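Peer 1: Questions regarding the structure given below will be posed in turn.
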């Protein structure tokens, strides 16, 4: 079965994030104890996004497949979806990326992601496959990468050669690593990056989440400008 762009699954993914924000790694959605801290609001003790800190980095992780339609991992875990495997290797936040600054009250979330085609044919990949959430449960509390214009539904150019483009093709067994950059509200440090399987007949498959804490990056500028 062929796949298609997953943008229209945004609200469903946001709702799933709110329900599973306290789930255990690799589990099937069971919630943690009721005494766990509330992650639905910015952490007032979190460092300012311009403070020098090392980015969150992953250790060699587990291989996560879905259970009852849901799979959950952490940094370094390999998420096994119908068409491809993906791993969020590391993540950080910053107030400037490749000479670009976010809107007032926002910051950039930069995630290093590896994707490998496990299908038996070449597949087209989309940046909107991977949505970022930050723990709150509002209908608009998610973002797709800055390489896609959701209002006009069009691809946008990358700011650096390290970014994954809005649309690209992976050959059979091809692996590609690059950056996904999101503009998110300032003040948060706990995030998830999600993917929901969507097929060409408009049916949906399994949903996957990777949860992590992203620390502010040293300095304010990240990424080298893309080659002209």
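In mature numbering (1 follows the signal peptide of the UniProt record, and there is no 0), the protein residues as written are -23 to -1, 1 to 205. Just so it is clear, CB atoms sit at the ideal spot from N, CA and C, and this is done for glycine as well. Source: prediction; values computed, not measured.
1) Between residue 172 and residue 120, how many whole angstroms is the CB-CB distance? I'm expecting something under 8 Å.
2) If you check the beta carbons only, do residue 95 and residue 85 fall under 8 Å apart?
3) If residue 91 sits next to residue 64, beta carbons under 8 Å apart, how far is it from one beta carbon to the other, in whole angstroms?
4) Is residue 189 buried or exposed, if buried means 16 or more other CB atoms sit within 10 Å of its CB?
5) Could you tell me the distance, in whole angstroms, from the CA atom of residue 77 to the CA atom of residue 167?
6) What whole-angstrom Cβ distance do residue 122 and residue 147 have, given they're in contact under 8 Å?
7) Using 8 Å as the threshold, is the C-beta distance between residue 132 and residue 93 below it?
8) Expressed to the nearest angstrom, what Euclidean distance is found between the alpha-carbon atoms of residue 83 and residue 72?
9) In the DSSP assignment, what residue or residues form a beta bridge with residue 98?
10) Can you give me the C-alpha to C-alpha distance between residue 41 and residue 186, rounded to a whole angstrom?
11) For the beta strand (DSSP E) containing residue 185, name the first residue and the last one.
12) Between residue 170 and residue 108, which are expected to be in contact by the criterion C-beta below 8 Å, what is the C-beta distance as a whole number of angstroms?
Peer 2: On the basis of the supplied data:
1) Their Cβ separation, rounded to whole angstroms, is 14 Å, which puts residue 172 and residue 120 out of contact at 8 Å.
2) no
3) 5 Å
4) buried
5) 23 Å
6) That pair is no contact at about 17 Å.
7) With respect to the 8 Å criterion, residue 132 and residue 93 are not classified as neighbours on the basis of their beta carbons.
8) Rounded to whole angstroms, residue 83 to residue 72 spans 8 Å at the Cα level.
9) Note: residue 98 sits in no beta bridge, so no partner.
10) When rounded, the distance between both Cα atoms is 10 Å.
11) Where residue 185 is concerned, the enclosing beta strand (DSSP E) stretches over 181 to 190.
12) 7 Å
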